[in-house]
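Student:
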DNA sequence: ATCCTTCCCTAACAAGTGTTTGGTAGGTTA
DNA sequence: TAACCTACCAAACACTTGTTAGGGAAGGAT
């Protein structure tokens, strides 16, 4: 069989996860392109070349970081969407789940926010496009159902509303630090309160 | 005087502005670090080295793009803040002004969003930190005044509210395209309606 | 004692990076 | 006509980049 022979090495998955975690931190802090493999190796306490025992490229590092995150994210989302909740309750559950994911995958979310648009252009990262479409479908659909059953206002541009809700949730990853004053659930509660009812005092 | 002698050349300011505009587009599309000077030169129809007749570094290009944008932004903001409006009207004016700036400086805003955190670490870009602090002061102060005079809800974490309002406005630069269906003022109106009154239908 | 596997190091590579230097075509001024 | 200025090109520079190849130390298995 004259296929490509992978080198006969078997790095431990735990070590890989450790290295991916530190790589994710550096990517999130410096940006993917601005991050050199030497910088990652530094943070991991080894030399640049040694990373290639565990990964075959810098690109597959960010690939694994993002795909792992998205897999977990969709586990949560699919569970919510399958629960058959009313529109408003669905939005509440999705937002809460999102903040939990930000809590668990802060670095990955930050990377996703910054780099996904660029990466999505490459065929290798097609799953980013797929995920984004699925994402839009879920949120837009829920909002539309909510307008139909009079949970949500009908006088707003629905796409504008979608982007509004989506962005307000995910940009939180840029400033959120786990272990802060507020739990993910508390932040979700306040965000939902603002998004649903507004910050103005009705008089 | 044994100081550094600048080369005795005088590029035209109009050509500089043209080149900065194309550079800003490329920076916004590809990211600052991922953008090579050869790519900018390509887009401008010249060779990489020729850019150095007009600018002395890639860094001073992004520097000039951002500082020009911030100067104009603060002209608008300062006018609003000096008008002595009530809190709610101040917020409305600031948001509207922000969307006008996004309309005028779409590329610069996108660059600012993506790169400012990184750049702010360098002494050369200290003005980014200054601007961000002034920004926070203006918005937080207005929100606090609004809570005091019962324009805004008092049951929300004020810093969370600040980040919420700030982010919802500026992330729009990532998807906004001038000449679209909605004018900046129309987008501002809808955003304000959502932020102030929420997307839920009060029943 | 030998072998094998895991994990990292040393040292280099080719390609790409921002930048510099010297030159030059074409227009304007003297 | 000569001098000059603007705006660019051509070609190289020093350096950084991601990546590879070969080797070796440690430890468990045989």
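Protein chains in written order, with the numbering used here: chain X, 3 to 205; chain S, 3 to 205. Glycine residues also receive a C-beta, built at the ideal position from the N, C-alpha and C atoms.
1) Across which residues does DSSP place residue 154 of chain S in a beta bridge pair?
2) Strictly under 8 angstroms for the Cβ-Cβ distance: is residue 177 of chain S near chain X by that measure?
3) How about residue 104 of chain S and residue 68 of chain S: are their beta carbons less than 8 angstroms apart?
4) At least one CB of chain X closer than 8 angstroms to the CB of residue 202 of chain S: is that the case?
5) Go to residue 63 of chain X, then tell me how far its alpha helix (DSSP H) extends in each direction, as first and last residue.
6) For chain S, find out if any of its Cβ atoms is closer than 8 angstroms to the Cβ of residue 111 of chain X; answer yes or no.
7) With DSSP collapsed to three states, give me the class of residue 147 of chain S.
8) Helix, strand or coil: which one does DSSP assign to residue 15 of chain X?
9) Out of S:15, S:139, S:118 and S:89, state which residue places its alpha-carbon closest to the alpha-carbon of residue 65 of chain S.
10) Within 8 angstroms (strictly less), CB to CB, does residue 166 of chain X reach chain S?
11) Measuring only the C-alpha atoms, how far is residue 30 of chain X from residue 184 of chain S?
12) Thinking C-alpha only, which one of S:176, S:197, S:195 and S:106 is nearest residue 186 of chain S?
13) Taking Cβ positions only, does residue 185 of chain S come closer than 8 angstroms to chain X?
14) Check whether the Cβ of residue 3 of chain S lies closer than 8 angstroms to any Cβ atom in chain X.
15) Within the same chain, show all residues whose beta-carbon is closer than 8 angstroms to that of residue 57 of chain S, passing over the 5 residues directly before and after it, in chain order.
16) Go ahead and label residue 73 of chain X buried or exposed: buried means 16 or more other beta carbons lie within 10 angstroms of its beta carbon, across all protein chains shown.
17) With a 10 Å radius around its C-beta and 16 neighbouring C-beta atoms as the bar for buried, classify residue 163 of chain S as buried or exposed.
18) Under DSSP, the alpha helix (DSSP H) around residue 178 of chain S begins and ends at which residues?
19) Expressed to the nearest angstrom, what Euclidean distance is found between the alpha-carbon atoms of residue 88 of chain X and residue 149 of chain X?
20) Which chain S residues sit within Cβ distance under 9 angstroms of residue 134 of chain X?
21) With burial defined as no fewer than 16 other Cβ atoms inside 10 Å of the residue's Cβ, what is the status of residue 86 of chain S: buried or exposed?
22) Going by the beta-carbon positions, is the gap between residue 154 of chain X and residue 201 of chain S smaller than 8 angstroms?
23) Could you tell me which chain S residues have their CB closer than 7 angstroms to the CB of residue 198 of chain X, listed as they occur along the chain?
24) In the stretch 46–69 of chain X, which residues sit with their C-beta less than 9 angstroms from some C-beta in chain S, listed in chain order?
Tutor: On the basis of the data shown:
1) As a first step, residue 154 of chain S is located in the second chain; it is residue number 152 there, counting from the start. Checking the DSSP bridge columns, you'll see residue 154 of chain S partnered with X:202.
2) For this step, residue 177 of chain S is matched to residue 175 along the second chain. So yes, residue 177 of chain S belongs to the interface.
3) Within the second chain, the letter at position 102 stands for residue 104 of chain S. Within the second chain, the letter at position 66 stands for residue 68 of chain S. The answer is no: Cβ separation not under 8 angstroms.
4) To locate residue 202 of chain S, count along the second chain from 1; it is residue 200. Residue 202 of chain S belongs to the set of residues whose beta carbon lies under 8 angstroms from a beta carbon in chain X.
5) In the first chain, residue 63 of chain X corresponds to position 61, counting from 1. Residue 63 of chain X: member of the alpha helix (DSSP H) spanning 60–84, first to last residue.
6) Here residue 111 of chain X refers to the residue found at position 109 when the first chain is read from its first residue. Using a CB distance cut-off of 8 angstroms, residue 111 of chain X does not count as an interface residue toward chain S.
7) Here residue 147 of chain S is taken as the residue at index 145 of the second chain, counted from 1. DSSP places residue 147 of chain S in helix when its eight states are reduced to three.
8) For the purposes of this step, residue 15 of chain X is identified with residue 13 of the first chain, where counting begins at 1. Under the three-state reduction of DSSP output, residue 15 of chain X falls in the helix class.
9) Position 63 of the second chain, counted from the start, is the residue given in the question as residue 65 of chain S. If we check each option's Cα against that of residue 65 of chain S, S:118 comes out closest.
10) Indexing the first chain from 1 puts residue 166 of chain X at position 164. Yes, because at least one Cβ of chain S sits closer than 8 angstroms to the Cβ of residue 166 of chain X.
11) Working through the first chain from its first residue, we reach residue 30 of chain X at position 28. Working through the second chain from its first residue, we reach residue 184 of chain S at position 182. So the two alpha carbons sit approximately 33 angstroms from each other.
12) Mapped onto the second chain, residue 186 of chain S falls at position 184. When S:176, S:197, S:195 and S:106 are compared, the shortest CA-CA separation from residue 186 of chain S is found for S:106.
13) Counted from its first residue, the second chain places residue 185 of chain S at position 183. Residue 185 of chain S does not count as touching chain X.
14) As a first step, residue 3 of chain S must be located in the second chain, where it is residue number 1. Interpretation of residue 3 of chain S is limited by its pLDDT of 31, a score under 50 that renders its predicted location unreliable; the figure taken from the coordinates is listed afterwards. No, residue 3 of chain S does not count as interfacial toward chain X.
15) Counting from one through the second chain, the residue named residue 57 of chain S turns up at place 55. Taking residue 57 of chain S as the centre and dropping the five residues before and after it, the same chain places the C-beta of 18, 21, 63 and 66 closer than 8 angstroms to its C-beta, in chain order.
16) Translated into positions along the first chain, residue 73 of chain X becomes position 71. Exposed, because fewer than 16 other Cβ atoms sit within 10 Å of the Cβ of residue 73 of chain X.
17) Within the second chain, residue 163 of chain S is the residue found at index 161, counting from 1. By the 10 Å Cβ count, residue 163 of chain S comes out buried.
18) Within the second chain, numbered from 1, the residue matching residue 178 of chain S stands at position 176. Under the DSSP assignment, residue 178 of chain S falls outside any alpha helix (DSSP H); it carries neither an H nor an E label.
19) Within the first chain, numbered from 1, the residue matching residue 88 of chain X stands at position 86. Within the first chain, numbered from 1, the residue matching residue 149 of chain X stands at position 147. Taking the straight line from one Cα to the other gives about 12 angstroms.
20) Mapped onto the first chain, residue 134 of chain X falls at position 132. Simply none; closest approach about 12 angstroms.
21) As a first step, residue 86 of chain S is located in the second chain; it is residue number 84 there, counting from the start. Exposed.
22) For this step, residue 154 of chain X is matched to residue 152 along the first chain. For this step, residue 201 of chain S is matched to residue 199 along the second chain. Cβ distance < 8 angstroms, so residue 154 of chain X and residue 201 of chain S count as in contact.
23) Along the first chain, one-based indexing puts residue 198 of chain X at 196. Annotation: Cβ neighbours of residue 198 of chain X in chain S (cutoff 7 angstroms, chain order): 200, 201 and 202.
24) Those residues of the stretch 46–69 of chain X that come within reach of chain S (Cβ to Cβ, closer than 9 angstroms) do not exist; the list is empty.
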